[in-house]
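Undergrad:
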Amino acid sequence: MNAPFKSLPARADQLARMRELVSLLENGDDAGFEARFSSLLQSRDQGLFVSVARLTRDLHDAVRGLSFDEQLSTLAGREIPDACSRLDYVTRVTEEAAHKTLDLVEQCQQLTQDIVLATHDISAACHRAHVYAGSPYSLSGLVVSVDETRDHIVNSAASLRDRLSRLAQAQEYQDLAGQVIKKVTTLVRSVERALIDLLRASGGAVASRPSDAPVNHLHGPAVAGVTPLAVSQDDADSLLADLGF
Amino acid sequence: MDKNLKILIVDDFSTMRRIVKNLLADLGYTNTQEADDGKTAWPMLLGGGFEFVVTDWNMPGMTGIDLLKAIRGEPKLASLPVLMVTAEAQRDQIIEAAKAGVNGYIIKPFTAVTLKEKLDKIFARLAEAA
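As you go down the protein sequences, you meet chains A and B in turn. Position one of the first sequence corresponds to residue 1 (my numbering), numbered consecutively onward. Position one of the second sequence corresponds to residue 1001 (my numbering), numbered consecutively onward.
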């Protein structure tokens, strides 16, 4: 955005202005000095305004450029105009997916229970087969009962398979959420870069990488490569053991 | 351990509360209730009857560490076992929780095996102390 070194003509121009200021001061021309000095400051401010205008335009273009692809916008149900609402969207889809997954898990648990109960029916039928062995009448009733139980198990297995594929399907949120987060982080990085450029353009030094600044005293989930001081469960266990736990 | 133990699950994320509730149910502990932060949990705990608390750390309103300190500071609740289940994984934080009197510390994401291990360990220690 801003050239790191001043061009030779610009440097010569500045030197000339400074010499002029010095000679005005030496000659006691206070009014002339003030006028020249203000105009010098003004020219610096103009550079700053140009940078701010450019940053604003870049930001505007970046926000406009963040349009959802077709699939994502269908899933979102509506156009989400800014980065914060995109993150709200991520929170929502991940929460929905987690609840959908938990619903399906609970249904699967019930189905496995049904299968266990069905095997009890089979055991009972086998027991009856032993008791009434040799009687053709009760044997036909037994066949019907075993047939019913078999159908029950087959149905439960089919339901279980269906729930499992829906479980797999519910994981699609990760792809969608990941895409949105990437778009937002790209925007944040471009704003960060633009702000650093702006700081440099206005003559300020960047003391440290802005993204290193702590935002919250709580650290939240450890992210590999970002949270170097985070410990594992094993480390936590041995630390607590050292403390007498 | 008595499987009818009355447990309070404190977490601001409803999905995490559900996951903990499910895992506890799998281990046989079905007598559970939920609160979405320390502020909601506090009157429930004072109301009495809870025998175990599973709490997150980072929550709006009242954090898990403040809830733990409040529990240890209230004579009626001081001996209530508290298991912290949190994404906070800094050494200083684990030491802070230990000093505040936590009974167990689980770092998210965690597994059913870890939860069982920590519960068993807490109950074994409580039985020893009794």
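Quick reminder that beta carbons are idealized off the backbone N, C-alpha and C, glycines included.
Measuring straight from C-alpha to C-alpha, what distance separates Phe-245 of chain A and Ala-98 of chain A?
TA: Rounded to whole angstroms, Phe-245 of chain A to Ala-98 of chain A spans 34 Å at the Cα level.
Undergrad: Taking the continuous beta strand (DSSP E) assigned at Gln-1033 of chain B, which residues delimit it?
TA: Counting along the chain, the beta strand (DSSP E) containing Gln-1033 of chain B begins and ends at 1032 to 1035.
Undergrad: Compare the beta carbon distance of Lys-1108 of chain B and Ala-1087 of chain B with 8 Å and say whether it is the shorter of the two.
TA: It is a contact, given that the beta carbons lie within the stated cut-off.
Undergrad: Determine the direct distance from the alpha carbon of Asp-234 of chain A to that of Ala-241 of chain A, and round the result to whole angstroms.
TA: Spanning the two alpha carbons is a distance of roughly 10 Å.
Undergrad: Which complete alpha helix (DSSP H) runs does the segment 76 to 160 of chain A hold, if anything under 4 residues is left out?
TA: Within the segment 76 to 160 of chain A, the complete alpha helix (DSSP H) runs of at least 4 residues are 83 to 131.
Undergrad: Is Thr-1030 of chain B close to chain A? Criterion is C-beta to C-beta, closer than 8 Å.
TA: So no, Thr-1030 of chain B is outside the interface.
Undergrad: Would you say Gln-1033 of chain B lies against chain A (beta-carbon separation less than 8 Å)?
TA: So no, Gln-1033 of chain B is outside the interface.
Undergrad: Are there 16 or more other CB atoms within 10 angstroms of the CB of Leu-1008 of chain B, so buried, or fewer, so exposed?
TA: Its Cβ being crowded by 16 or more others within 10 Å, Leu-1008 of chain B is buried.
Undergrad: Is the number of C-beta pairs between the segment 1071 to 1084 of chain B and the segment 1095 to 1112 of chain B that are closer than 8 Å three or more?
TA: Touching, yes.
Undergrad: Per the DSSP calculation, Phe-245 of chain A is bridged to which residue(s)?
TA: Per DSSP, none; premise fails for Phe-245 of chain A.
Undergrad: My output table needs one value for Ala-1025 of chain B: the three-state DSSP class, helix, strand or coil.
TA: Note: Ala-1025 of chain B maps to helix in three-state DSSP.
Undergrad: Note down, in chain order, every chain B residue with its Cβ under 9 Å from the Cβ of Ala-241 of chain A.
TA: Residues of chain B passing the Cβ test: none, with the nearest at roughly 10 Å.
Undergrad: Mind listing the chain B neighbours of Val-231 of chain A? Cutoff is C-beta to C-beta under 8 Å, in chain order.
TA: Residues of chain B passing the Cβ test: Ala-1089, Gln-1090, Arg-1091, Ile-1094 and Ile-1107.
Undergrad: Does any CB atom of chain B fall closer than 8 Å to the CB of Val-215 of chain A?
TA: Its pLDDT being 45, under 50, Val-215 of chain A is placed unreliably by the model, and the measurement read from it follows with that caveat. Val-215 of chain A does not count as touching chain B.
Undergrad: Measure from the alpha carbon of Arg-36 of chain A to the alpha carbon of each residue in A:Leu-111, A:Gln-14 and A:His-219, then state which is nearest.
TA: Checking every option, the nearest Cα to that of Arg-36 of chain A belongs to A:Gln-14.
Undergrad: Taking 8 Å as the cut-off, does the segment 44 to 62 of chain A touch the segment 148 to 158 of chain A (at least 3 CB pairs, one atom from each stretch)?
TA: Short answer: they don't touch.
Undergrad: Quick check on Thr-1015 of chain B - is its C-beta less than 8 Å from some C-beta in chain A?
TA: Judged by the 8 Å Cβ criterion, Thr-1015 of chain B is in contact with chain A.
Undergrad: According to the neighbour-count rule (16 or more other Cβ atoms, all chains shown, within 10 Å of its Cβ), is Asn-1103 of chain B buried or exposed?
TA: Buried: at least 16 other Cβ atoms inside 10 Å.
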